[in-house]
Amino acid sequence: MNVGLIIYGSLDLVSGGYLYDRLLVDHLRKQGARVEIFSLPLRNYWRHLTDNLSGTLPRVVEEMAPDLLLQDELNHPSLFYTNRRLQKILRGPIIAIVHHLRSSEARPAWLNRFYRRLEKRYLETADGFIFNSETTRAAVRDLLGKDSPSVVAHPGGDHMGSRISAERIVERCQRPGPLRILFTGNVIPRKGLHTLILALSGLSRESWQLTVAGSLAMDAGYGRRIKRLIAGAGLEDRVQLLDAVPPERLVRLLESCHCLAVPSFYEGFGIVYLEAMGFGEPVVASTAGAVPEFVGNGREGFLISPGDVGALREAIGRLAGDRKLLLEMSLAAWERSRSHPTWPESMARIEEFLWEAIRLKKGHCKEGRVCAHGHTG
1257 MNVGLIIYGS
1267 LDLVSGGYLY
1277 DRLLVDHLRK
1287 QGARVEIFSL
1297 PLRNYWRHLT
1307 DNLSGTLPRV
1317 VEEMAPDLLL
1327 QDELNHPSLF
1337 YTNRRLQKIL
1347 RGPIIAIVHH
1357 LRSSEARPAW
1367 LNRFYRRLEK
1377 RYLETADGFI
1387 FNSETTRAAV
1397 RDLLGKDSPS
1407 VVAHPGGDHM
1417 GSRISAERIV
1427 ERCQRPGPLR
1437 ILFTGNVIPR
1447 KGLHTLILAL
1457 SGLSRESWQL
1467 TVAGSLAMDA
1477 GYGRRIKRLI
1487 AGAGLEDRVQ
1497 LLDAVPPERL
1507 VRLLESCHCL
1517 AVPSFYEGFG
1527 IVYLEAMGFG
1537 EPVVASTAGA
1547 VPEFVGNGRE
1557 GFLISPGDVG
1567 ALREAIGRLA
1577 GDRKLLLEMS
1587 LAAWERSRSH
1597 PTWPESMARI
1607 EEFLWEAIRL
1617 KKGHCKEGRV
1627 CAHGHTG
């Protein structure tokens, strides 16, 4: 199988979506596939639109002649028109990897209407889809107004390699001291760190301690806002800003903290929650997006409405004030993570779907009529 993959920047970028793409590429290569990465410059959304005016990408893709072309849906502003050209030169299918739609995020309605129109134009050019959750599949179905060939392959929770035991979880929960809260992820508005700090500022200072492990450079203006918010509330001694940390440091944080709190305004899946659950950490997350697919409110954690500071404060206050509840939720989260599909299982599911997409495309073109991309058998 010769596969092309179109992404922005490098596969080494730190985010759940890039981790998903990277592990898929690793799996396909281990199975003997040739995978070539077509990297587009990572710029702002509006400059990405100008990529559609260039003929460079169609030329380099045509030279490779892949059996199948994968595209991260994040690249839709660069591909909504470019794909029309690619359709004319490719004999294999175009498959979009959809982590979540940009138009599903919280922003002004007029702007999301624009994003929806552009994303719909892009999605209409794909022959099939790889989804990370049922929530994402439903969002695409709603936008297109129809079902399309697709596979749902949930991210695994085993990437960090947790070997924590139930006994260790019990010991951690029973140890005296403040509730140790972890926030991990890029420090951007969608992740809701400002909401978390506002919620914590209303709790007893001695009852909690927050560690933030995530890049402050992804949105420098927002990073400065977070620092001002912490200083304004006088919480410098309660909040530790670590910036991005290497994997081994993150593992130690997951082993030592009591819970994960990332009150994001939307998650297409939320790999970090599942990884934290693998370390026996209950999660405090948002109801917006796919997290409710694997976190039961009041069982493996708490789910709150996006931006609800009061509900967030109450949820964390309950964990801080009731170690029995903390232990019950920690063990429930640990057990739930152990029943979740692994990365190898999910990636094998995708590989099977890709082979079928290639077979269907070739069979269609061999029937002697013009296929959807203009080829004749």
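Residue numbering for the sequence shown follows the numbering used here, beginning at 1257 and increasing consecutively.
Every residue, glycine too, gets a C-beta built ideally from N, C-alpha and C.
Residue of the options minimising C-alpha distance to residue i
i, options, result
"residue 1384", "1350, 1397, 1372, 1398", "1350"
"residue 1320", "1259, 1492, 1534", "1259"
"residue 1417", "1531, 1390, 1365, 1333", "1531"
"residue 1408", "1392, 1518, 1484", "1392"
"residue 1338", "1364, 1304, 1478, 1366", "1304"
"residue 1610", "1268, 1267, 1271, 1284", "1284"
"residue 1326", "1281, 1426, 1567", "1281"
"residue 1269", "1541, 1502, 1580", "1502"
"residue 1367", "1301, 1415, 1397, 1498", "1301"
"residue 1331", "1557, 1274, 1424", "1274"
Residues bridged to residue i (per DSSP)
i, result
"residue 1438", "1467, 1516"
"residue 1553", "1557"
"residue 1310", "DSSP, once it has assigned bridges, lists no residue as partnering residue 1310."
"residue 1425", "According to DSSP, which records beta bridges pairwise, residue 1425 is partnered with nothing at all."
"residue 1523", "1545"
"residue 1290", "1258"
"residue 1268", "Per DSSP, none; premise fails for residue 1268."
"residue 1430", "None, per the DSSP bridge assignment."
"residue 1406", "1385"
"residue 1353", "1328, 1386"
Residue i versus residue j: straight-line alpha-carbon distance, rounded
i, j, result
"residue 1538", "residue 1428", "13 angstroms"
"residue 1607", "residue 1584", "37 angstroms"
"residue 1468", "residue 1448", "12 angstroms"
"residue 1359", "residue 1476", "23 angstroms"
"residue 1323", "residue 1553", "44 angstroms"
"residue 1506", "residue 1340", "43 angstroms"
"residue 1370", "residue 1440", "31 angstroms"
"residue 1470", "residue 1618", "45 angstroms"
"residue 1286", "residue 1293", "16 angstroms"
"residue 1420", "residue 1373", "46 angstroms"
"residue 1310", "residue 1431", "60 angstroms"
"residue 1587", "residue 1422", "7 angstroms"
"residue 1613", "residue 1457", "52 angstroms"
"residue 1496", "residue 1334", "38 angstroms"
"residue 1452", "residue 1347", "49 angstroms"
Contacting residues, own chain, Cβ-Cβ under 7 angstroms from residue i (five flanking each side not counted)
i, result
"residue 1362", "1521, 1522, 1562"
"residue 1446", "1361, 1520, 1521, 1522"
"residue 1279", "1599, 1603"
"residue 1291", "1259, 1261, 1281, 1284, 1285"
"residue 1413", "1530, 1531, 1533, 1534, 1593, 1596"
Residues near residue i in its chain [Cβ-Cβ closer than 8 angstroms; skip 5 each side]
i, result
"residue 1345", "1314, 1317, 1318"
"residue 1616", "1349, 1405"
"residue 1435", "1463, 1464, 1465, 1514, 1515, 1572, 1575, 1576, 1582"
"residue 1276", "1353, 1355, 1388, 1411, 1527"
"residue 1380", "1400"
6 angstroms CB neighbourhood of residue i in its chain, flanking five on each side removed
i, result
"residue 1630", "Residue placement at residue 1630 is flagged as unreliable, the pLDDT there being 36, under the threshold of 50; the coordinate-derived value follows with that caveat. Contacts found: 1344."
"residue 1257", "1289, 1323"
"residue 1308", "1337, 1338"
Any non-hydrogen atom of the ligand GTP closer than 7 angstroms to residue i Cβ
i, result
"residue 1426", "This structure lacks the ligand GTP, and indeed carries no ligand of any kind."
Determine, using beta-carbon pairs with one atom in the region 1542-1549 and one in the region 1581-1597, whether at least three such pairs fall under 8 angstroms. No, the region 1542-1549 is not in contact with the region 1581-1597.
If contact is defined by three or more beta carbon pairs under 8 angstroms, each pair taking one atom from either stretch, is the region 1488-1498 in contact with the region 1512-1520? No: the two stretches stay apart, fewer than three of their Cβ pairs being nearer than 8 angstroms.
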